[in-house]
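Novice:
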Amino acid sequence: MEPKDDNISAMCKPSVGEAGRTGDWRDATPVIDQTKCIAAVKNRPACYLCWLYCPEGVVEAGVPVKINLEYCKGCGVCAEECPSKAITMVMHEENGK
Amino acid sequence: MSNVQIMTGNSAAAWGARLAKVQVVSAYPITPSTSVTETIANWVERGELKAEYVRVESEHSVMTVCVSASTVGARVFTSTSSHGLLYMHEQLHWAAGSRLPIVLCCINRGVGAPWSIFNDQQDSIAQRDTGWIQIYCRDNQEIIDSVIQAYRIAEEVYCPVMVCYDGFVLSHTMMPVDIPDAEEVCRFLPPYKPHTLLCAEEPRNINPVIFPWQRRDAEGVLRDGYMDMRWKLQHALEGSAAVIARTSRDFAERFGRDHGGLLWGYRTEDAELFIAAMGSIATEATTAADLLREQGVRAGVVGVRVYRPFPREEVRQAFRSAPAIIVFEKDISYGYEGALAADIKAALYGTGIAAPIHNFIAGLGGRDVKAHELAEAVRASLAAMAQGTRERQTWLNCVTE
């Protein structure tokens with residue numbers, strides 16, 4: 660039999676995905692236009708305001724910038740902060756309509 | 047060797063914390079609790095007590111400091127009253143849910159509106175369902191002893207303990223108190239071992255979001271959901287009853303004073319009438335019982351020392367042969383009856399104990415309750431019971447028409 664949880668209060672080790680696949684919560688997906696993204700255009704590490712402001716830490720500050728959609732909740736902060744308006748939040752189609 | 051000093055209830059509480067060698071104290075002043083932590087602040091400032099005294103802007107922050115300090119392994123103390131306790135309400139839940147052995151002295155005071163600084167027990171009764179153990183003290187000796195006991199209980203079952211005593215009636219009244227020997231207290235009270243140690247080598251998220259269902263953590267271990275965690279708290283609170291009783295016995299063996307564990311009785315052996323009460327009004331009731339016996343009524347008193355966990359079995363045992371029960375209490379569960387009366391009735395359900403139970407709401411907002419008034423109330427109740435009134439709620443010394 661699987662052992663019982665021996666914690667007497669709720670706790671966990673901090674790690675990726677500890678709260679589950681939070682990407683499931685998303686109803687709008689950030690899409691990066693790499694022809695506008697400063698890091699991509701300059702082809703070197705630059706700007707990264709999306710990475711700085713992302714409350715979930717799912718933006719990878721590379722060249723090009725990538726967003727981990729397994730865990731991105733679709734809050735849109737990155738799109739709001741992007742100075743070159745390279746990120747668009749694409750709404751998901753509602754189910755059953 | 048005994049060291050008896052004349053002191054207030056608040057001094058006794060401060061001495062209890064000092065002897066328990068508390069390491070972190072945080073408080074926000076509120077009448078009538080203020081002098082507890084004022085005394086401690088003085089000791090800390092003089093270097094007589096090696097503790098961190100944290101000043102904050104509100105009682106909500108006080109309990110937040112207590113939760114944080116207890117989480118990283120410090121023995122923690124605070125005290126408050128009335129609105130201060132109510133302001134802590136959210137953090138009281140947080141402390142219990144985190145299973146932290148914090149000890150808080152609640153110096154019982156009425157709750158506004160309208161404003162009152164005077165005593166009743168509405169403040170702590172209103173915190174009944176937060177998951178804290180609640181002990182109600184009768185006198186200043188019991189206060190100092192209960193604070194010491196509270197740490198041993200809390201740190202064994204990992205539940206916070208509220209040591210409650212009546213504002214002004216005890217907090218500002220001086221009486222002889224035997225201060226236990228510091229080294230003897232150290233032997234009685236082992237050092238606090240936190241259930242979880244926060245350290246850089248093994249980082250943890252404490253109290254992350256928890257879901258309705260059980261879930262595997264990132265390491266693949268199946269973790270409890272919210273409800274499973276709540277059950278653990280309930281289980282711990284129920285299990286604490288035996289620990290409280292044992293701690294009281296161990297304390298009595300070592301220090302020679304027994305405050306009765308969960309429940310105490312006074313002249314109950316041959317009683318035809320049982321008075322039930324909590325705190326200083328229970329002490330007053332013992333005087334009333336003596337008066338009644340002089341007048342030919344065989345009265346006894348059952349004092350409920352621990353209100354949560356509610357001593358269900360002990361209550362059943364205490365009242366098993368009670369022909370009549372009268373509950374005096376300084377609180378009211380609005381729209382129903384006194385909280386203690388309601389719980390006693392619930393505990394007796396299905397046991398075959400069919401005594402009439404009358405409930406007196408007394409002393410709200412500091413209205414004086416004298417022993418002879420309790421005795422008169424008992425005689426009036428007995429007369430009504432003889433006429434067949436099985437249940438009755440009466441507001442003692444109160445304009446009700």
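Keeping their order, the protein sequence lines are chains E and A.
Heads up, the first sequence is in the numbering used here, so the first residue is 660 and it goes up one at a time.
Heads up, the second sequence is in the numbering used here, so the first residue is 47 and it goes up one at a time.
In this text, a Cβ means the ideal position worked out from N, Cα and C, and glycines have one as well.
Using DSSP bridges, identify the partner residues of A/Cys232.
Specialist: For A/Cys232, which the question treats as bridged, DSSP gives no partner whatsoever.
Novice: Which residues in chain E sit within 9 angstroms of A/Ala143, going by Cβ to Cβ distance?
Specialist: A small fix is needed here, since residue 143 of chain A is Gly in this sequence, not Ala. Residues of chain E passing the Cβ test: Ser668, Ala669.
Novice: Under 8 angstroms, with one C-beta from each stretch per pair, do the region 371-387 of chain A and the region 311-329 of chain A reach the 3-pair mark?
Specialist: yes
Novice: With a threshold of 9 angstroms between beta carbons, is E/Val724 in contact with chain A?
Specialist: no
Novice: Buried or exposed: where does A/Arg64 fall if 16 or more other Cβ atoms within 10 Å of its Cβ makes it buried?
Specialist: When all chains shown are included, A/Arg64 counts as buried.
Novice: Is the beta carbon of A/Val100 less than 9 angstroms from the beta carbon of A/Ser72?
Specialist: yes
Novice: Look at E/Cys731 and E/Val717 and say whether their C-beta atoms are less than 9 angstroms apart.
Specialist: yes
Novice: Verify whether the separation of the beta carbon atoms of A/Arg351 and A/Cys183 is less than 9 angstroms.
Specialist: yes
Novice: So which of A/Leu216, A/Gln260, A/Phe356 has the shortest CA-CA distance to E/Glu661?
Specialist: A/Gln260
Novice: Keeping to the same chain, check which residues put their C-beta closer than 6 angstroms to that of A/Asp316; ignore five residues upstream and five downstream.
Specialist: Arg344
Novice: With a Cβ-Cβ cutoff of 9 angstroms, do A/Gly454 and A/Ser127 count as a contact?
Specialist: Look at the range of chain A in this structure, 47 to 447, and you will see that residue 454 of chain A is not part of it.
Novice: Give the straight-line distance between the Cα atoms of A/Gly311 and A/Thr329, rounded to the nearest whole angstrom.
Specialist: 11 angstroms
Novice: Expressed to the nearest angstrom, what Euclidean distance is found between the alpha-carbon atoms of E/Gly755 and E/Glu729?
Specialist: Its pLDDT being 47, under 50, E/Gly755 is placed unreliably in this model, and the value from its coordinates should be taken loosely. Rounded to whole angstroms, E/Gly755 to E/Glu729 spans 23 angstroms at the Cα level.
Novice: Check whether chain A comes within 9 angstroms of E/Lys744, counting only Cβ atoms and requiring the distance to be less than that.
Specialist: It does not: the Cβ of E/Lys744 has no partner Cβ on chain A nearer than 9 angstroms.
Novice: Nearest-angstrom Cα distance between A/Asp224 and E/Lys672?
Specialist: A direct Cα-Cα distance of roughly 47 angstroms separates A/Asp224 from E/Lys672.
Novice: What residue range is occupied by the uninterrupted alpha helix (DSSP H) comprising A/Phe257?
Specialist: It is not in any alpha helix (DSSP H) - A/Phe257 carries neither H nor E in the DSSP assignment.
Novice: Counting only Cβ pairs nearer than 8 angstroms, list the residues of chain E close to A/Asn251.
Specialist: Met670, Cys671, Lys672, Pro673, Glu677
Novice: What whole-angstrom Cβ distance do A/Asp185 and A/Leu216 have, given they're in contact under 8 angstroms?
Specialist: 7 angstroms
Novice: For a contact defined as C-beta to C-beta under 9 angstroms, what are the partners of A/His129 on chain E?
Specialist: Within chain E, no residue comes near A/His129; the closest Cβ sits about 28 angstroms away, beyond 9 angstroms.
Novice: When you compare the CB of A/Arg436 with every CB in chain E, is at least one pair closer than 9 angstroms?
Specialist: no
Novice: Quick one: which chain A residues come within Cβ less than 7 angstroms of E/Asp686?
Specialist: Those do not exist, as E/Asp686 stays about 19 angstroms from chain A at its closest Cβ, beyond 7 angstroms.
Novice: Check the C-beta distance from A/Tyr133 over to A/Ser104 and give it rounded, since I have them as a contact under 8 angstroms.
Specialist: 6 angstroms
Novice: Would you please state the rounded distance, in angstroms, between the beta carbons of E/Pro704 and E/Ile746? I believe it to be under 8 angstroms.
Specialist: About 17 angstroms separates the two Cβ atoms, so there is no contact after all.
Novice: For A/Leu268 and chain E, any beta-carbon pair shorter than 9 angstroms?
Specialist: At a cut-off of 9 angstroms between beta-carbon atoms, A/Leu268 makes contact with chain E.
Novice: Check the DSSP bridge columns for A/Tyr133 and list the partner residues they point to.
Specialist: DSSP output for A/Tyr133 lists no bridge partner at all.
Novice: For A/Ser72, write down the residues that DSSP places opposite it in a beta bridge.
Specialist: A/Val100
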